[in-house]
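So the structure is just underneath, and the comments pick up after that.
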């Protein structure tokens, strides 16, 4: 089980990273409490505690009747900080070239770009030639675009990219290849406003690949300039817990629900005893009891004194009751957003990973599919994840898949046997295409599974949960590869 990371910790680390990398430069105004609440979707207390902690740690300073000011001056020259991360930065921009065209092309289909607050300012700057000190316009436009499209996961992924990208340095360095690359962005706005999503995706992919090449050129120049300088050890970029991490007892609850929904634990049969579960998950009895209490409240089991807990089918009434809880409603929408993201990402990820499957791995997968407790979809996804490169792309894919694996927010009114048959049918169709080395069909089958799941869950949210927010979440297109 993954360790719990608080929302406070995530926001603090992100803001600290933005200060250290120069995205919030020394002397600039630190965002207000209200702006932090809007940007990170957090409460007043969390925003206040993060601000206080940053002030105590010396990153910002308070001023009378004015916003706090960034006061961190840095611990090493920017060039050395960038060079110490050169391997991670190359991977970061390679992953950016895969993920960002997907998110940007889809997000721009869901809203009117011209209504974004910094649209006109950015367009004017790019028309006359963007200056090094205006590096923040493009990230700001992207943040506004992802906020407007409504999927908070897009914003969270982009924030993590932005935190590690060292964009201010690459824009401001001498003879910046990245700044020169911006001169070729004349068609950027025309591309985003193009309603043909495939053409838009192709243009953005080529643009982000050029950006990755420009960053690599800057890194090579730095290596030549600082060839004899001893570099400090660099901490690796952190991609774990990209969307946060639930408490351990919630993770156990989610795992139990998945096993009930997929038939590993049959309905109307006893679940393993508390001691067995504690041993299996490596946790205390207290943690297991909290997990079972949560499972019971969600309607997936009933407990008989002394005898244990029996798996059961959740009723519509229980599902409606649980989603009225604000936390459960947030979880339900997060699950839908995760499916939307996976419907975009699964196809390109499968296409990149497919050529790296060995004959031995395919044979092992075929054998595992025959096991009675096997979940073919999860076996395929985990294998895709092992073969994805670079590391940031792998982490984003696996973290997002992990988010949608836990389907405890859905009603799943169809019979379990039908649900298992449907999931296994798509998984086996994808696997058959992989065996035939038909990479395009393999990719499309993987993407189509998540797209169909998204459509089914969205319909359930609207019809059974009566979640009006779900109506505004658009189905992703199929076939962006």
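Residue numbers (the numbering used here): 2 to 482. For every residue, glycine included, the Cβ atom is placed at its ideal position computed from N, Cα and C.
Residue i and residue j closer than 9 Å at C-beta
i, j, result
"residue 123", "residue 139", "yes"
"residue 481", "residue 345", "yes"
"residue 215", "residue 273", "no"
"residue 366", "residue 380", "yes"
"residue 93", "residue 83", "no"
"residue 368", "residue 448", "no"
"residue 458", "residue 151", "no"
"residue 385", "residue 398", "yes"
"residue 341", "residue 268", "no"
"residue 106", "residue 198", "yes"
"residue 22", "residue 161", "no"
"residue 446", "residue 431", "yes"
"residue 13", "residue 54", "yes"
"residue 275", "residue 293", "yes"
"residue 451", "residue 405", "yes"
Cβ of residue i within 9 Å of any chain C Cβ
i, result
"residue 102", "The structure shown contains no chain C, having only a single protein chain."
Opposing strand residues paired with residue i [DSSP bridges]
i, result
"residue 304", "310"
"residue 64", "67"
"residue 30", "70"
Residue i in three-state terms, based on DSSP
i, result
"residue 438", "coil"
"residue 424", "helix"
"residue 372", "coil"
"residue 136", "coil"
"residue 474", "coil"
"residue 110", "coil"
"residue 397", "helix"
"residue 196", "coil"
"residue 52", "helix"
"residue 119", "coil"
"residue 385", "helix"
"residue 42", "coil"
"residue 177", "coil"
"residue 479", "coil"
"residue 232", "coil"
"residue 128", "helix"
"residue 25", "coil"
"residue 163", "helix"
"residue 78", "coil"
"residue 155", "helix"
"residue 247", "coil"
"residue 189", "helix"
"residue 58", "coil"
"residue 377", "helix"
"residue 332", "helix"
"residue 390", "coil"
"residue 358", "coil"
"residue 227", "coil"
"residue 86", "coil"
"residue 238", "coil"
"residue 5", "Only weak support is given to the placement of residue 5: the predicted model assigns it a pLDDT of 45, under 50, and the value that follows is read from those uncertain coordinates. Residue 5: coil per DSSP, three-state reduction."
Integer Cβ distance of residue i from residue j, believed to fall under 8 Å
i, j, result
"residue 133", "residue 24", "Not really, about 14 Å apart at Cβ, beyond 8 Å."
"residue 349", "residue 103", "7 Å"
"residue 232", "residue 85", "5 Å"
"residue 27", "residue 73", "6 Å"
"residue 95", "residue 391", "5 Å"
"residue 539", "residue 311", "In the structure as shown, the chain starts at 2 and stops at 482, and residue 539 therefore has no counterpart that could be examined."
"residue 333", "residue 462", "7 Å"
"residue 143", "residue 159", "6 Å"
"residue 331", "residue 323", "Contact doesn't hold; Cβ gap of about 12 Å is too wide."
"residue 295", "residue 250", "7 Å"
"residue 282", "residue 253", "5 Å"
"residue 16", "residue 43", "11 Å between Cβ atoms; not a contact."
"residue 48", "residue 38", "5 Å"
Legend entry - Uninterrupted beta strand (DSSP E) stretches inside the region 250 to 326 (no shorter than 3 residues): 302 to 305 and 309 to 312
Legend entry - 4-residue-minimum alpha helix (DSSP H) runs that sit fully inside the region 439 to 471, ordered along the chain: 440 to 461
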